[in-house]
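Novice:
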Amino acid sequence: MTLHKLGKDPESPSGGSPTIYLDDAKDSYLVQGLKVEDADRLTQLDLPTHETVVEIPRRMVQFFLEVKADAGSDI
Numbered sequence: 004m005t006l007h008k009l010g011k012d013p014e015s016p017s018g019g020s021p022t023i024y025l026d027d028a029k030d031s032y033l034v035q036g037l038k039v040e041d042a043d044r045l046t047q048l049d050l051p052t053h054e055t056v057v058e059i060p061r062r063m064v065q066f067f068l069e070v071k072a073d074a075g076s077d078i
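Residues in the sequence shown are numbered consecutively from 4, following the numbering used here.
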């Protein structure tokens, strides 16, 4: 397995998070971000007990390959 760092949040005060990775072996993304713990927000999700949710700022979408490939995207 090889993880490829696609990008870190350029506005992160510490420079360490959030970060987006591509796992080329599983053809999937790993997203490092703030763990969502707000009960009101979590109740609005259909979240299985074996999963969690992390939050990243909208500006991080630029690091997903599909968004880069689709320059006409209106996200």
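Where is the CB? At the ideal position from N, CA and C, for every residue including glycine.
Please work out which residues of its chain come closer than 6 angstroms, Cβ to Cβ, to Ser-15, disregarding the five sequence neighbours upstream and downstream, and give them in chain order.
Specialist: Counting only Cβ-Cβ distances below 6 angstroms, and skipping sequence neighbours, we find nothing.
Novice: Looking at the strands, I want to know which residues DSSP matches up with Lys-8.
Specialist: Lys-8 is bridged to Tyr-24.
Novice: Anyone know if the C-beta pair for Lys-38 and Tyr-24 falls short of 8 angstroms?
Specialist: No, they are not a contact pair.
Novice: Is the beta carbon of Lys-29 closer than 8 angstroms to that of Gly-18?
Specialist: It is not a contact, given that the beta carbons lie outside the stated cut-off.
Novice: Could you check what DSSP says for Glu-69 in three-state terms: helix, strand or coil?
Specialist: Glu-69 falls in the helix class under three-state DSSP.
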